[in-house]
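In the numbering used here, the protein residues as written are 1 to 399.
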Ligand code: GLA
């Protein structure tokens, strides 16, 4: 069922009564820039047209009574006794957001909350960051705090790093807080400076779920980050000014490769070449050169697969099917990797043909048609669209 302001409003009223405020936050897809964010590098994400929705009304006590429509589950959280279960279930994100906001000095009110969403869970389209952002936005609205969007993104990143235990970068939370309608965002993850870039008129992004759920807390994500940190520590023996892999020049990596074992060398090569690809992709997007953008997207997948080793058989099979379509410019895995979705950049005129073919061919592998979504970049976190006014019978015209 399509989620609308009306549907989440009605769910809230039937469950809790009263009049909620409605908010929503988009999911994101990173067009290019895999695992560069926590290396202080560059990313080029956009939003997807999929959202996490929130209906919220403050209470007079310090209890968060939260109903998740997707899990059909109600949780009560006492703001004075927030205890993590450490299991990365949806309610851990509610606890994490509340706990980080309180730590940052925001004294929250209790609230009745309904959450719904259409972003695939564990699909690499940032369902969790979107939940964190919309929840923080709504909880702060209940205490009349209008937070600066950069601060909102950084606090919600801390939900992952300090509460859930995923040492993620800033990309997801930042794009969800800032990305403009119909635009992509070229983001420098060190300075947090960004430029907004128009999405091409003649090409569309199609995301397809492998059906293999990725679980970031499983450790592989954090281990990639640790490997990058190890590499920086080793390379800094010869390059003392090296603060992060973002600073590493391709020639320096080749000169100093004897400091690294093969695995660390390949991790570095991915980051160094990926940062270059993001910058090239930004130029290609600005020039409207979708063919070049597509080549870079596919090169990103190859590097993530071979050097960074975060792909899996299903993602590789799906990407192969995508790039075998003549109307596809390029394809890659999205998000953290190890499952979830892949994206492809498609000639807009042939979106339906590619959708049908990928659905049929990957469906053979999966044993059922995969979930497929054509991306439309929408607004960042904010109030949900106004509800349609109820139908008022019109007086009959006098004849
Ligand atoms: C996850 C993380 C992001 C980023 C991507 C990979 O989505 O949350 O910070 O590292 O993986 O690019």
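Even glycine gets a Cβ: it sits at the ideal position worked out from N, Cα and C.
>> Can you list, in chain order, the residues of its chain with a C-beta nearer than 8 Å to that of residue 386? Leave out the 5 residues immediately preceding and following it.
In response: Spatial neighbours of residue 386 in its own chain (CB-CB distance under 8 Å, excluding positions within 5 residues in sequence) are listed in chain order as 5.
> Taking any heavy atom of the ligand GLA as the mark, which residues have a C-beta closer than 5 Å to it, listed down the chain?
Replying inline: Here the residues come out as 34, 35, 37, 168, 169, 171, 172, 335, 336.
>> If I measure Cβ to Cβ from residue 19 and keep anything under 8 Å in the same chain, skipping five residues before and after, which residues do I get?
In response: Excluding residues within five positions, the ones whose Cβ falls inside 8 Å are 13, 57.
> With a cut-off of 8 Å, do at least 3 Cβ pairs link the segment 336 to 355 to the segment 202 to 214?
Replying inline: Yes, the segment 336 to 355 touches the segment 202 to 214.
>> Report the CB separation of residue 52 from residue 28 in whole angstroms; it is logged as a contact under 8 Å.
In response: With a beta-carbon spacing of about 12 Å, residue 52 and residue 28 fall beyond the 8 Å limit used to define contacts.
>> According to DSSP, is residue 203 part of a helix, a strand, or is it coil?
In response: Annotated three-state conformation of residue 203 is strand, per DSSP.
> Which residue's Cα is closest to the Cα of residue 232: 292, 243, 224, 16?
Replying inline: Of 292, 243, 224, 16, the residue nearest in Cα terms is 243.
> Do residue 273 and residue 303 have their C-beta atoms within less than 9 Å of each other?
Replying inline: Cβ atoms of residue 273 and residue 303: closer than 9 Å.
> Excluding five sequence neighbours on each side, which residues of the same chain lie with their C-beta closer than 6 Å to the C-beta of residue 116?
Replying inline: Around residue 116: 3, 8, 53, 69.
> Where do the N-terminal and C-terminal ends of the alpha helix (DSSP H) with residue 322 fall, by residue?
Replying inline: It spans 313 to 323 - the alpha helix (DSSP H) in which residue 322 sits, taken as one unbroken run.
> Less than 9 Å separating the beta-carbons of residue 199 and residue 206?
Replying inline: Result no, Cβ atoms of residue 199 and residue 206 do not sit closer than 9 Å.
> Since residue 164 and residue 256 are thought to touch, with beta carbons under 8 Å apart, how far apart are those beta carbons, to the nearest angstrom?
Replying inline: At roughly 35 Å, the Cβ-Cβ gap does not stay under 8 Å, so residue 164 and residue 256 are not in contact.
> When you compare only the Cα positions, how much space is there between residue 240 and residue 230?
Replying inline: Whole-angstrom Cα-Cα distance: 14 Å.
> What distance in whole Å lies between the Cβ atoms of residue 293 and residue 345, which are believed to be in contact at a cut-off of 8 Å?
Replying inline: The Cβ separation is near 6 Å, so the contact holds.
> Per the contact definition of three or more C-beta pairs closer than 8 Å, is the segment 165 to 175 in contact with the segment 188 to 197?
Replying inline: The segment 188 to 197 vs the segment 165 to 175: in contact.
> Less than 9 Å separating the beta-carbons of residue 26 and residue 50?
Replying inline: Their beta carbons are under 9 Å apart, which means residue 26 touches residue 50 by this criterion.
>> Since residue 37 and residue 170 should fall inside the 8 Å C-beta cutoff, what is the C-beta to C-beta distance between them, to a whole number of angstroms?
In response: About 6 Å; that satisfies the 8 Å criterion.
> Nearest to residue 78 by alpha carbon, out of 102, 89, 88, 370?
Replying inline: For residue 78, the nearest C-alpha among the options comes from 102.
>> Given 8 Å as the limit, tell me if residue 381 has its C-beta closer than that to any heavy atom belonging to the ligand FAD.
In response: Looking for the ligand FAD in the displayed structure turns up nothing; the ligands present are the ligand GLA.
> Taking all protein chains shown into account, do 16 or more other C-beta atoms lie within 10 angstroms of the C-beta of residue 370, making it buried, or fewer, making it exposed?
Replying inline: So residue 370 ends up on the buried side.
> Alpha carbon to alpha carbon, how far is residue 144 from residue 138?
Replying inline: The alpha-carbon separation between residue 144 and residue 138 amounts to approximately 10 Å.
> For the alpha helix (DSSP H) that contains residue 162, what are its first and last residues?
Replying inline: Element bounds for residue 162: n/a, residue is neither H nor E.
> By Cβ distance, which residues of its chain are closer than 7 Å to residue 158, with the 5 residues on each side in sequence left out?
Replying inline: 100, listed in sequence order.
> In three-state DSSP terms, what is residue 386?
Replying inline: DSSP places residue 386 in the coil class of the three-state scheme, outside both helix and strand.
> When you compare each of 284, 347, 287, 264 to residue 309 by their alpha carbons, which one comes out closest?
Replying inline: Per the Cα distances, 264.
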